Structure formats: structure tokens, C-alpha cells
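So for the sequence shown, my numbering puts the first residue at 1015; every next one is plus one.
Quick notes on the structure that follows.
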Amino acid sequence: MENKIKFIAGPCVIESAELLDTVARKLVDINEKLGTDIIFKASFDKANRTSIHSFRGPGIEKGLQMLADVKAKYGLKLLTDIHEAWQAEPTGQVVDVIQIPAFLCRQTDLLVAAAKTGKTVNIKKAQFLGGRDMLYPVEKAREAGAAEVWLTERGNMMGYGNLVVDFRNISDMKEIVPTVIMDCTHSVQRPDAKGGKTGGDRRFVPSMALAAKAFGATGYFFEVHPTPDQGLSDAANMLELDKLENLVKQIIA
């Protein structure tokens, strides 16, 4: 029986076609075993890296082609993020869900452009907003024609260089939209930029997921990588790919 919980998983950034194939094959395997419909996620450009010297990805043209190849080969639904309004139209031709990064969730032109594609728009809650504040980004996307709007919790800034998750935000956002996703990997970040990179602690990823379940989350977002410490973005936060299946089992149990 198909499981209706929404799962999103994939590497933080497109590093290579080989990485995308490795992750996609694993997601297909999990879907077949568990009846899930995991959406494949990877970014073609990480425009918000800490350092100007950090790896950003292959760019929109090559990146969208690589994502299209994943869909063609593996039949997986796709999600990727955009940072500028002009990126929405070409991205919408390839992916099923367009994601709005947390720091950009109030950018009207970006939200409207994403919504006008007619695709589902997943809006991440900014680190400086509470759950109820997300009513207004949702209104922008809905009024601009989004097929569906999801919201994602990813923690709030607390003091210097750390995030905390107020799980009450999940309940608050469920009063706005029916689909509220927990970003279980970005929420374990420690964005203190030591050495020009965001830190984090992936040990807490499973706990974030299970706590979000207790608060009624309807979806879960995991950045995964076969060797996360060697990942070119968000290395400290990504979950080991081989641990994803058991965690999904716990969530749907």
C-alpha cells in the first residue's frame, strides 16, 4: 500500500552525475520496499554559501539537465530550489516542486514567479519568523496560481551560531496549509561559519524527525549523501545514505 507521508531526500548540491545516480537508485529501492514516494532533491546552485570560495554547483542549465536525466532514468519526482525570479520558468519545466529558500521566503517576486509556473511551491520558514508569520508568503503564492503550497520548518536562530527548533511552529503552520514538512537536516545546523563553512551535527537528525512526527508533521526533508563528510556542501548535516531506509521505517511505523 502506498504511503501518503511526503518524503524529500537527496544531496545538498549536484556534485556529479554519479552521485545523483547513487542516491536515486537508493530512493527507488526504498520506494519499492516501503511503498513511499520519495521526492528527489538536489540544488543546481547554492547561491547562499558562507564563503565566495565555496562550491556552488553546476549552474542552472547543466543542473536542470542532470535533474531531468534522473527523472527520465528513475521515474522519481523532483524538487529543487531557486534564488532569483527568472529561474522559476525554466525550473518549472523540469521539476515537480519548486522550493523557496528560508532567507528568501518573503521575496514577493520570487514567490510569484514560482507560483506562476503552476507547480507546487515549498516555502521554507525563515530563521527569523514564527510559524504564524508564514500566512503571508502562502497568500502570495496562492494568489499567483501555485498548484499547491507546502511549508517547511527548519529552525530559528538563537543567540550566535546556533539554531533551535520550536516544534509548535509545525502546529501553527498546519493551520495555514495541510502539508507541513520538517527539514530534519538543516535544523541541526550550527551556522557559526567556522573556517568559512556552516557547521552542524547529524547525530540529531533522527530525533528531529521523530519529534516532528509527534507534533504532527506531514512530511520530512533529508539531505543525504553516501559519504557526507566528503560532501561539497552541508557536509556536517547530511545524513548517511545507508541510514535513510531505517529512519523512514521508523517514521511510517
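Positions of the beta carbon are idealized from the N, C-alpha and C atoms, including for glycine.
Nothing here was measured: the structure is a model prediction, and the numbers come from that model.
Specify, as a first and last residue, the run of the beta strand (DSSP E) that residue 1233 falls within. By one-based count along the sequence shown, residue 1233 stands at place 219. Unbroken beta strand (DSSP E) run through residue 1233: 1233-1239.
Hey, which unbroken runs of the alpha helix (DSSP H) at 4 residues or more fall wholly within the region 1094-1120? Within the region 1094-1120, the runs of alpha helix (DSSP H) that reach at least 4 residues and sit entirely inside it are, in chain order, 1102-1106.
Does the distance from the CB of residue 1230 to the CB of residue 1164 come in under 9 Å? Position 216 of the sequence shown, counted from the first residue, corresponds to residue 1230. Position 150 of the sequence shown, counted from the first residue, corresponds to residue 1164. No, the Cβ-Cβ distance between residue 1230 and residue 1164 is not below 9 Å.
Classify residue 1054 as helix, strand or coil using the three-state DSSP reduction. Residue numbering aside, residue 1054 sits at position 40 when the sequence shown is read from its first letter. Residue state, collapsed to three classes: strand.
Boundaries of the alpha helix (DSSP H) in which residue 1078 is found, first to last residue: Here the question's residue 1078 lines up with position 64 in the sequence shown. Where residue 1078 is concerned, the enclosing alpha helix (DSSP H) stretches over 1074-1088.
Candidates 1266, 1264, 1255: which alpha carbon is nearest residue 1042's? If you number the sequence shown from 1, residue 1042 lands on position 28. Per the Cα distances, 1255.
Express the C-alpha separation of residue 1258 and residue 1246 in angstroms, rounding to a whole number. Walking along the sequence shown from the start, residue 1246 turns up at place 232. Walking along the sequence shown from the start, residue 1258 turns up at place 244. So the alpha carbons of these two residues sit roughly 20 Å apart.
One question on the structure: do residue 1149 and residue 1190 come within less than 9 Å of each other, judged by their Cβ atoms? Locating residue 1149 in the sequence shown gives position 135, counting from the first residue. Locating residue 1190 in the sequence shown gives position 176, counting from the first residue. The answer is yes: Cβ separation under 9 Å.
How many Å lie between residue 1220 and residue 1239 at the Cα? Locating residue 1220 in the sequence shown gives position 206, counting from the first residue. Locating residue 1239 in the sequence shown gives position 225, counting from the first residue. Inter-residue distance for residue 1220 and residue 1239 is about 15 Å (C-alpha atoms, whole angstroms).
Using the Cα positions of residue 1137 and residue 1070, report the straight-line distance between them to the nearest angstrom. Residue 1137 sits at position 123 when you count from the first residue of the sequence shown. Residue 1070 sits at position 56 when you count from the first residue of the sequence shown. Residue 1137 and residue 1070 have their C-alpha atoms roughly 21 Å apart.
With a threshold of 16 other CB atoms inside 10 Å of the CB of residue 1185, please say whether the residue is buried or exposed. Your numbering for residue 1185 matches position 171 in the sequence shown. Exposed, since its Cβ has fewer than 16 Cβ neighbours within 10 Å.
Please go through the same chain and pick out, in chain order, the residues whose beta-carbon is closer than 6 Å to the beta-carbon of residue 1196, but skip the five residues on each side of it. By 1-based counting over the sequence shown, the position of residue 1196 is 182. Taking C-beta separations shorter than 6 Å and ignoring five residues to either side along the sequence, the partners of residue 1196 in its chain run 1167, 1226, 1231, 1234, following chain order.
Just to confirm, are residue 1057 and residue 1028 a CB contact at a threshold of 9 Å? Stepping through the sequence shown from its first residue, residue 1057 is reached at position 43. Stepping through the sequence shown from its first residue, residue 1028 is reached at position 14. Closer than 9 Å, so yes.
Quick one, which of 1249, 1088, 1120, 1127 has its alpha-carbon nearest residue 1107's? In the sequence shown, counting from the first residue as 1, residue 1107 sits at position 93. The residue with the shortest Cα to Cα distance from residue 1107 is 1127.
Can you find the residues in the same chain that come closer than 7 Å, C-beta to C-beta, to residue 1118, ignoring five residues on each side of it along the sequence? Here residue 1118 corresponds to residue number 104 of the sequence shown, with the count starting at 1. So the qualifying residues of the chain are 1097, 1124.
If you count every other CB in all the chains shown that lies within 10 Å of the CB of residue 1182, and 16 or more means buried, which is it? To locate residue 1182, count along the sequence shown from 1; it is residue 168. Residue 1182 is classed as exposed because its beta carbon has fewer than 16 other beta carbons within 10 Å across all chains shown.
Can you tell me which residues form a DSSP beta bridge with residue 1204? Taking the sequence shown and counting its residues from 1, one reaches residue 1204 at position 190. Under the DSSP definition of a beta bridge, residue 1204 partners with 1213.
Expected contact under 8 Å - CB spacing of residue 1103 and residue 1131 to nearest Å: Numbered from 1 along the sequence shown, position 89 holds the residue referred to as residue 1103. Numbered from 1 along the sequence shown, position 117 holds the residue referred to as residue 1131. That belief holds up - the Cβ atoms of residue 1103 and residue 1131 are roughly 6 Å apart, short of 8 Å.
Tell me the DSSP secondary structure of residue 1021 in three-state form. Here residue 1021 refers to the residue found at position 7 of the sequence shown. Note: residue 1021 maps to strand in three-state DSSP.
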